[in-house]
Amino acid sequence: MDNPGFHHYRMGETVVTALFDGFVDVALDELVGLPLATVLRLQRQAFQPEPSRLPVTCFVIRRPGSTILVDAGGDAAVDPGLGLRQSAMLAARIDPADVTTVLLTHLHSDHYAGLLYPDGTAAFPNAELVLHANEVAFRLEPSDLAAMPPEQRAGVDAVRRAVAPYRDRLRIVSHGEVLPGVDAVPLPGHTPGHTGWRVSDGGRQLLFWGDIVHFPAVQFSHPEVSLSYDADPAQSAATRAAVFREAASGGFLIAGAHIDFPGLGFVASEGDTTRWVPAPYAATAAA
Ligand SMILES: [Zn+2]
């Protein structure tokens with residue numbers, strides 16, 4: 234019954250492969266800024282599953298001389314619906330040992346836990362790991378560790394375990410070019426160091442925007458709706474509105490971690506608001 238779990242997209246010399254990692258369950262009452270009844274109506278109008286669940290997708294970017302992974306996916310031991318990235322990658326015939334760089338959008342378990350195999354070894358033995366400085370300060374090396382409640386401290390410990398085999402090849406960035414044709418774009422709010430990765434090739438651009446949107450049926454028309462577990466819900470809403478405006482006027486391609494697979498598409502203006510337009514298959518399938 235398994236679907237292949239991968240999808241290739243070509244942009245100039247760059248081939249992007251979406252890898253399906255599975256689902257996480259997020260209850261609708263985690264959405265803040267809109268009455269639950271309205272959220273439920275929008276979800277139903279979009280034929281979303283009940284109870285609500287989010288798809289999780291990671292992406293491989295292959296260009297001459299580099300194989301870049303954007304987010305590592307989760308681990309079934311942490312989030313039981315996740316961890317399919319490994320088999321999707323195998324099916325797409327991409328060798329984890331060929332990955333030269335891992336770019337993380339942020340340090341939540343559905344994005345970083347796949348850095349490790351269950352035995353604790355690195356899933357990407359030859360890759361450097363790139364993180365935003367504010368994410369390192371938030372989740373890896375917090376200055377207030379001693380004062381943290383035990384649950385939060387356990388979260389830091391889990392991040393440290395996942396990052397441990399990459400410590401000697403960890404690169405901390407803030408903004409701008411991190412690799413030829415690849416830029417870090419700070420998109421704070423969901424976490425302080427939440428980062429988009431922008432890839433340019435042949436005059437076209439693709440922004441991997443991580444967790445800008447969790448509920449497409451709700452947030453494209455209501456960018457003010459955040460999640461209760463956003464580190465800063467107001468900042469998350471402001472960032473989302475700004476990136477929607479930029480994407481709609483710029484017309485560039487978006488890759489979203491929690492948008493229906495393969496998570497590639499465009500933001501279109503619709504009156505005062507926006508909607509998601511999935512990239513047409515004929516345009517996304519690699520030739
Ligand atoms: Zn996420």
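Last residue of the sequence shown? That's 520 in this note's numbering, and every number before it is there in order.
Built from N, CA and C at the ideal position, the CB exists for glycine as well.
- Bounds of the beta strand (DSSP E) holding HIS365 are 361-365.
- Ranking TYR514, ALA515 and TRP509 by CA distance to the CA of ALA279 puts TRP509 first.
- When the Cα atoms are used, ALA391 and GLY504 turn out to be separated by approximately 44 Å.
- A residue is listed when its beta-carbon falls short of 6 Å from at least one non-hydrogen atom of ligand 1; in chain order these are HIS341, ASP343, HIS344, ASP444, ALA490 and HIS491.
- In the three-state reduction of the DSSP assignment, ARG326 falls in the coil class, being assigned neither a helical nor a strand state.
- For the pair ASP328 and ALA360, the Cα-to-Cα distance works out to about 12 Å.
- Residue pairing of TRP430 in beta bridges, as defined by DSSP: ALA417 and PHE441.
- If you draw a straight line from the Cα of ARG404 to the Cα of ARG277, it is about 43 Å long.
- Rounded to the nearest whole angstrom, the CA to CA distance from ALA251 to LEU269 is 32 Å.
- Residue ILE492 holds the alpha-carbon nearest to the alpha-carbon of ARG286 among ILE492, THR507 and ALA471.
- Per DSSP, SER454 lies in no alpha helix (DSSP H) segment and is marked neither H nor E.
- Counting along the chain, VAL392 sits inside the alpha helix (DSSP H) bounded by residues 383-396.
- The straight-line gap separating the alpha-carbon atoms of LEU340 and PRO284 is approximately 25 Å.
- With respect to TYR242, LEU497 sits close: the two C-beta atoms are nearer than 9 Å.
- Judged by DSSP secondary structure, LEU275 falls outside any beta strand (DSSP E) and instead within the alpha helix (DSSP H) spanning 269-278.
- Beta-bridge analysis with DSSP links SER502 to THR507.
- Pairing ASP343 with ALA490 gives a Cβ-Cβ distance under 9 Å.
- The three-state secondary structure of ASP401, taken from DSSP, is helix.
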